[in-house]
Every structure is written in structure tokens, then in C-alpha cells.
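**Q** Chains as they are written, first to last, in my numbering: chain A, 926 to 1312; chain B, 439 to 670. Glycine included, every Cβ here is placed at the ideal spot set by N, Cα and C.
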Amino acid sequence: MKKLILIIIVFSTLQVFSQTQIGTGNSRMQITYRFSSFANYRAGWDSAYLDRKQNKFFLRNAQILLKGTFGKNTEFDFGLDGAQLISKANDPQNPALVDANLTYKGLGFVDLILGYGKVPYSRNNFVSFFESPFWQRPEIVGGAFFSRRDVGVSFHKSLLRNTINLFGGVYNGLGESSLLGLNDPSGKFEYISRVEYSYPSRYRYKEIDERISVIPMFSIGVNGRYTNKVLPVGENFAALTQGEFLTKVISGEKYTYGADAAFQYRGISAQFEIHQMRMQPSDSSSFLYNKISKSKAGGKILSGGFFGQLNYYNLKARSTVSVRYEELNMNDLVPGYFARWGFAYSYQIKGFNSLLKAQYFYNQKEESLIDNLNHKHQFRLGIQIII
Amino acid sequence: MSLFFNWLVAFSLLMNGAVKIKPQSKIRLKVNEPSDIAYTKDKNYLVVSDGGTLLKLDNLGKIILKAKQTGIDFEGVIELENLIYVSDETSRKIMLYDAKTLEFIRSYQLQLQRASNSGFESIAYNTKKEKFILITEKNPITIQEYSKDFVLQGEIAFTSVRDISAASFYNGSLFLLSDEDHLLMKLSENYEIEKTWDLNLLNPEGFCFDENNNLIVISDDLEMLYNFGKIE
């Protein structure tokens, strides 16, 4: 704890300079460095569980981001996270390669995005981690349930003063694992689309009402994704591809659909999202059926959940307090579900560029067999810096 | 910590002393993301947009002229001696146009090592000192004085608000607008705040005063022009 306090004191006294742009014409690039680190402490362990390896300091991010343009119509984004480069985890919530994509705006009627980056599914996915009061995203949108990034091509179109946004894309469907260079024996893509509407003006992808909106603002969105990756007999997906719960990529048909809403007014903001995944494994003996016959299960497994988050930002106190509740049922054929409360406090030393963040999670319920966390309480305290 | 308390005191004074004003009328603009407005000698409006366009609008908000020469991210505009000066935030350029025809004349390249969207957000001209005033948006806010041929003369930090979205000289005083704090400020010659007005408006990005001394403000997100009437 002394070390953490020392780190916080050192960083809170730093004079933080803003990002720097190189070049001033049509070809220019902005360099940004983003750092975050926290102490993690878990308590309320199951008596039979002895592993305490997560009680330690974490370097979450050490990112270099390059953003720029070349020519009048082409933009690029590239981001690399040094903190994750030597990690074996391939954490979808915090990958080593943050972005590597091009956006072409020369067509006029739509913007085309090519390469690796965030997929247009879930409002939360558009919100930068560095603008959240929490240290973790809700479980359902954290990348274990469905991918947050992938390689592919997509389009974006804004209408009516950016109050309507349309997105669509074709991706590998392997998510963050697309970068591992592993073959997908199914040879099929994933298709993703999203529509959102905001009133009375465009709604930025932020959780906190830092501008203290003088009129009530809201935004709603619906999105869906579809893939049908059927493996030839004897073939398998690479282990990391399928994700923590082995549901991100399955052999068979998979529909994912969800809706979200966001509201902000006078420093109060709220977000809500709900998602469901319908999996139809091609193999009737798939472990997803949980030893229940395919016909009895109706040939499908349903998986889904929701979260709601309420935030209050006080400008004078430079502080945000947030509360979040989330539920997740990874498999409707497995008894139980996961439920968690989250509480966060953040203090802006210098806006989001220098931010202290504290988080407490209470794991109310767990879904046995699938999501066994083995602890009740988790605390995180740390700092983020953007230079 | 002392810096924080100083900021807190300054901010409390600002917010508590601000006069709350409401718009008397409004017009929907057909301009994508308007970022600043100026009132012209021929009794029209000049409006610039985030997309790098310069337009002349009549009193009803109808577009009557559009400059052929575009930029990247226009954020500030003024008319001075039959010329129009536009600040292109991303390219750090001051673009010069003919006030009558909106024909492009030339540009001045300025130097500023900042993030792309933290360049010069506003431009104003001090007729008494015969200097241009260029102000960065945030991180940090800096007021810079330039000669008429854009040679840097001096600069001062401004820490009273979170951002500056527009600037204009009116009746011999510099007025500044803060988008994030939706606050209009009247400054002394030494750049100290003399008076403030709370606009209670979403995303106010630009302002000017018309021939009848009405305060005109544009909202970027709402793409609206608001007339607040006389404020002094």
C-alpha cells in the first residue's frame, strides 16, 4: 500500500503535457502516451480455494497511440500496448494491439474502415477505458462474451446532425484472436450491424457527463451480429480463439443481438445494455448442451445478460461516483447466473489526463461450472495518465 | 493542492457571479457542425465549420455565399478591413479570404506543439493594440498576441475555465466563450474576468454581436443560431 501511495504522489505532482502533433498539412500524426496502473486486492475467498495470485500490483496500460491523416481523405489509427506485449493472456478487454486501421472518407456517402479495430457492437465498446470511472468493463461487454475487436471491413454513416449513426461490417469472426495467424477451418465470416439514435443532438461516446449537459440528452441503439462457422469433421478452433467461456467462437450458427440506452443531464448520466446470444452448435454432443440432449434443449443454447450504470459527476469536487449492477447467464442449460455490484470513485487531478480511480466489486452470485470466481470482494485503486 | 484550491475559488466566483441569460429567438442552420460566427459590415453572418468550410449567411440563416477554398477544421473567424481571417485548428494555419467574394488570398503557418484538436480555437483582433488574439482551446488554455503579419508578440495562460471555444472584441473589451462551462466572459485589458454570463446552452461554439448589440451564439451539436438580445 505504501508503494501505491508513493506512486500516486509521484504522478499527481507531474506536470502533464498534452499530446503532440507532427506535421501540419494534410499529412500529420498525433502521438499519445497512455498509462494506467492499479493495486488489486481480493477478499472473501472460498475456503477450499487457496490461490491468491491476483492480490498484487498491475501495470494495465503503457500505450503508444498514433493517429493521423495522409492526403485529404485517409485517416489512420495505430495503437500498441507495451504492458500487454509480453502477456500470454490475449486479454480482449485490454489487447496488445489496440488499433491498426485505415478510414477512407473520400466516398462521400459513407466512411470505410479497413483493418483491425473495435467492432460496431455495444455502446460500451465505443467508450474509451480512459474515460470510464471503473477499472473493468461489465462482464457481458468485456470481450469474453463476444469479441470487441476484429479484422475486417466496415462502414459508418452519420445522418441528421449526427443524431443517427449507421454501422455495418464483415469480420473474420475470430475476434482479437484474428491476430494470432491461426487458420479458421470453417472459412466463414461474421456480420455485424448497429443503428443508434440520439436526441436532441449527437451523443458522444462517454459515460460521464463531464460537460454538465444543460438539457436532458439520450441515445438508444440496437445491434446484431451473425456467424455460421461449421467446422469440418476432425478440425478444431485454436484454444485461445474460443474465449474464456468457450462461447466466443463455436462450431455452428450463432446470433447475437442487443440494445442499449444512455442518458445524461446536469452531471448525472446512466447507461444500460442488454444482450442475448443464441448458439446452435453443429455437434449434438457439444459441451455447451451440458449433457442435455440436443432435442431436449431445442437445438439451441441461450446466453445473455445486462448491466445498468449510474454516474454523478461533480465539477467543483472534480469527482465522479458510479454504481453498476450486472447480471450474466452464460448458459441457460447450466443452473445459476452471475450477478455483481460495482462501485467506483474517481478524482480528476487534471481531467481524464490524470485521474485517480478506486473501484469495489461485490460478486453477489456466480454461475457454477462456468464462471467460478471463488471470491466475493475485489478492490482496485490506481491512477491513469494521458500524455 | 494549492493549485486546486485556487482553481476551486476562481471557479466558484465565476459560477456564482454569472448572470443567467436566455435566448430570445433561434434559427436552425443548414451548416454541419458550425464552430464560429462573425457579423459582417454588410450586415450578414460569416460561419465556419468543423469540416473546414467558410460560409456567408443572411439574417435568416440562409447560405448566400460559400468559399471554394476549404480547410481541415475551421474554428475561428473574424472580418477585418475587407478581409476575413479564419483559424484552421488542426493545420495551425490562419486562412485569409476576400470579405466580398470569399476568394482565398493566402495563409499564415503558425507553430504550436499540441494535440490536433488543441490548436487555436478562436481568433479576435484588438484594434487598440493592433494585435491579433489567438487562443488555444484547452490543455492548457493560452492567449497569444500576434502582430498583423502573425509574428508572436507574447502569451499568457488562462486558467479560469475548462476550455475556450470562441473570442471576440466588442466595445473595446475582449469577450471569451467557454463551451464546456457554457459561460461568456468579459475580460479586462490584463485578461482578468470582469463579468460573466451563464448561457445555459448546449455546446456553444461561437458568438458575435450584431449591429443592434444583440449577442448571437451558435451551438455546434444542435446546429442552431441563438439571439440573446442585449446583454449590457
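Flag residue 1141 of chain A as yes if its beta-carbon sits less than 8 Å from any beta-carbon of chain B, otherwise no.
**A** no
**Q** Just to confirm, are residue 1064 of chain A and residue 1263 of chain A a CB contact at a threshold of 8 Å?
**A** Their beta carbons are under 8 Å apart, which means residue 1064 of chain A touches residue 1263 of chain A by this criterion.
**Q** Confirm, please, whether the CB-CB distance from residue 559 of chain B to residue 602 of chain B is below 8 Å.
**A** yes
**Q** So, residue 959 of chain A versus residue 991 of chain A, is the Cβ gap smaller than 8 Å?
**A** no
**Q** What is the rounded straight-line gap between the Cα of residue 637 of chain B and the Cα of residue 475 of chain B?
**A** 16 Å
**Q** Taking the alpha carbon of residue 653 of chain B as the point to measure from, which residue in B/614, B/507, B/514 and B/553 has its own alpha carbon closest?
**A** B/614
**Q** Mind checking whether residue 1307 of chain A and residue 961 of chain A have CB atoms under 8 Å apart?
**A** yes
**Q** Just mark residue 935 of chain A as buried or exposed, buried being the case when its beta carbon has 16 or more other beta carbons within 10 Å.
**A** Caution applies to residue 935 of chain A, whose pLDDT of 48 falls short of 50 and renders its modelled position unreliable; the model cannot decide the point.
**Q** Is residue 995 of chain A near residue 1057 of chain A, with beta carbons less than 8 Å apart?
**A** No, the pair does not count as a contact, with Cβ atoms beyond the cut-off.
**Q** Under the rule that 16 or more other beta-carbon atoms within 10 Å means buried, what is residue 1241 of chain A, buried or exposed?
**A** Residue 1241 of chain A comes out exposed.
**Q** Would you say residue 953 of chain A lies against chain B (beta-carbon separation less than 8 Å)?
**A** yes
**Q** Pull out every residue of the stretch 1111-1138 of chain A whose Cβ sits closer than 7 Å to any Cβ of chain B, in chain order.
**A** 1125, 1126, 1127, 1136 and 1138
**Q** Which of the three DSSP states, helix, strand or coil, is assigned to residue 1114 of chain A?
**A** coil
**Q** At 3 residues or longer, and completely inside the stretch 1000-1073 of chain A: list those beta strand (DSSP E) runs for me, N to C.
**A** 1022-1029 and 1036-1043
**Q** Mind reading off the beta-carbon distance from residue 665 of chain B to residue 463 of chain B? Whole number of angstroms is fine, and I expect it under 8 Å.
**A** 5 Å
**Q** Exposed or buried, which one is residue 1302 of chain A when buried takes at least 16 other CB atoms within 10 Å?
**A** exposed
**Q** Any idea if residue 635 of chain B is buried or exposed, counting beta-carbon neighbours within 10 angstroms, 16 or more meaning buried?
**A** buried
**Q** In three-state DSSP terms, what is residue 1289 of chain A?
**A** DSSP places residue 1289 of chain A within a strand segment (E or B) once states are collapsed to three.
**Q** Check the Cβ-Cβ distances between residue 638 of chain B and every residue of chain A, and say whether any is below 8 Å.
**A** yes
**Q** At a Cβ cut of 7 Å, what residues of the stretch 1074-1088 of chain A count as close to chain B, listed as they run along the chain?
**A** 1086
**Q** Is there a C-beta anywhere in chain B that falls below 8 Å from the one on residue 1245 of chain A?
**A** no
**Q** Tell me which same chain residues have a C-beta within less than 7 Å of the C-beta of residue 983 of chain A, skipping the five on either side of it?
**A** 962, 963 and 965
**Q** Would you call residue 1292 of chain A buried or exposed, if buried means 16 or more other Cβ atoms sit within 10 Å of its Cβ?
**A** Buried.
**Q** Run the CB neighbour count on residue 1060 of chain A, radius 10 Å, all protein chains shown included, and call it buried at 16 or more, exposed below.
**A** buried
**Q** Counting beta carbon pairs with one atom in the stretch 505-524 of chain B and one in the stretch 538-552 of chain B, are three or more of them shorter than 8 Å?
**A** yes
**Q** So with CB distances below 7 Å, who are the chain A contacts of residue 660 of chain B?
**A** Residues of chain A passing the Cβ test: 1125 and 1126.
**Q** For residue 1212 of chain A, does the three-state DSSP call read helix, strand or coil?
**A** In the displayed model, residue 1212 of chain A falls within a helix according to three-state DSSP.
**Q** Between the stretch 1160-1172 of chain A and the stretch 1280-1289 of chain A, can you find at least three pairs of beta-carbon atoms closer than 8 Å?
**A** no
**Q** I'd like the list of long-range same chain contacts for residue 1188 of chain A, defined as Cβ closer than 6 Å, with 5 residues on each side in sequence excluded.
**A** 1143 and 1195
**Q** Do you know whose CA, among B/517, B/520, B/554 and B/518, lies nearest residue 531 of chain B's CA?
**A** B/554
**Q** Look up residue 940 of chain A in the DSSP assignment and say whether it is helix, strand or coil.
**A** For residue 940 of chain A, the predicted model reports a pLDDT of 42, less than 50, meaning its position is unreliable; a value from the coordinates is still stated below. DSSP places residue 940 of chain A in coil when its eight states are reduced to three.
**Q** Quick one, are the C-beta atoms of residue 518 of chain B and residue 563 of chain B less than 8 Å apart?
**A** Going by C-beta atoms, residue 518 of chain B is nearer than 8 Å to residue 563 of chain B.
**Q** Are residue 1021 of chain A and residue 1006 of chain A touching if we call contact CB-CB under 8 Å?
**A** yes
**Q** Do you know how far the Cα of residue 1066 of chain A is from the Cα of residue 1209 of chain A?
**A** Answer to the nearest angstrom: the Cα atoms are 28 Å apart.
**Q** Between residue 945 of chain A and chain B, is there a C-beta pair that is closer than 8 Å?
**A** yes
**Q** What in chain A is Cβ-close to residue 618 of chain B, meaning under 7 Å?
**A** 1136
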